[in-house]
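Read the structure below first, then the notes.
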Amino acid sequence: MTVALVVATTAGCASMRPSACLPGQHGAVQELLYFGADKPAGQVTPQDWTDFLADTVTPRFPAGLTTWQASGQWRSDAGSLVREPSYVLSLVHPPGAGSETAIGEIVDAYKRRFQQEAVLRVRSPACMSL
Numbered sequence: 000m001t002v003a004l005v006v007a008t009t010a011g012c013a014s015m016r017p018s019a020c021l022p023g024q025h026g027a028v029q030e031l032l033y034f035g036a037d038k039p040a041g042q043v044t045p046q047d048w049t050d051f052l053a054d055t056v057t058p059r060f061p062a063g064l065t066t067w068q069a070s071g072q073w074r075s076d077a078g079s080l081v082r083e084p085s086y087v088l089s090l091v092h093p094p095g096a097g098s099e100t101a102i103g104e105i106v107d108a109y110k111r112r113f114q115q116e117a118v119l120r121v122r123s124p125a126c127m128s129l
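So the sequence shown is numbered by numbering that gives the first Met the number 0: it starts at 0 and just counts up by one.
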């Protein structure tokens, strides 16, 4: 399991402004990305995940990130419950087009590399301080 603290500072949020940040805090965006680990020919291994973080995620968010393994479930189009191991990536970053583009590139790269139909993305306004 890879764990690191996100280090990012901003002057404020544009479209995702938190209601009010305390003195010494700055507006930011928190992203939670959920990556399924089952693929047509096996699973995304811990080494596959580590390599993906190193060559795809870290270059786009070099200030830091947090990740953990999880167990997830979802309902298929046919109505059956599907359970699978997954990886969760947490990023805290400044708002803006650059971060938005980088997140999209990460999601697209994972889907291509590991034959995934989707990556769940949860985006929330946040206040952060270091």
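By construction, the Cβ of each residue, glycine as well, lies at the ideal position given by its N, Cα and C atoms. What you are looking at is a predicted structure, and each value in this text was computed from that prediction instead of being measured.
Using 10 angstroms around the beta-carbon of residue i, count the other beta-carbons present and answer buried if the total reaches 16, otherwise exposed.
i, result
"LEU80", "exposed"
"GLU30", "buried"
"GLY26", "buried"
"THR100", "exposed"
"GLU129", "Just to set this straight, residue 129 is Leu in the shown sequence, not Glu. It counts as exposed."
"ALA19", "exposed"
"LEU52", "buried"
Leaving out five residues before and five after residue i in sequence, what residues of the same chain have Cβ atoms less than 7 Å from its Cβ?
i, result
"ALA40", "none"
"GLN24", "CYS126, MET127 and SER128"
Are the beta-carbon atoms belonging to residue i and residue j less than 9 Å from one another?
i, j, result
"TRP48", "ALA36", "yes"
"GLY71", "PRO84", "yes"
"TRP73", "VAL87", "no"
Could you name the residues of the same chain whose beta carbon sits closer than 6 Å to that of residue i, not counting the 5 residues immediately before and after it, in chain order?
i, result
"GLN114", "LYS38 and PRO39"
"VAL121", "LEU31"
"VAL43", "ALA36 and PHE113"
So, under 8 Å CB-CB, residue i and residue j are touching, yes? Tell me the CB distance rounded to an integer number of Å.
i, j, result
"LEU64", "SER89", "7 Å"
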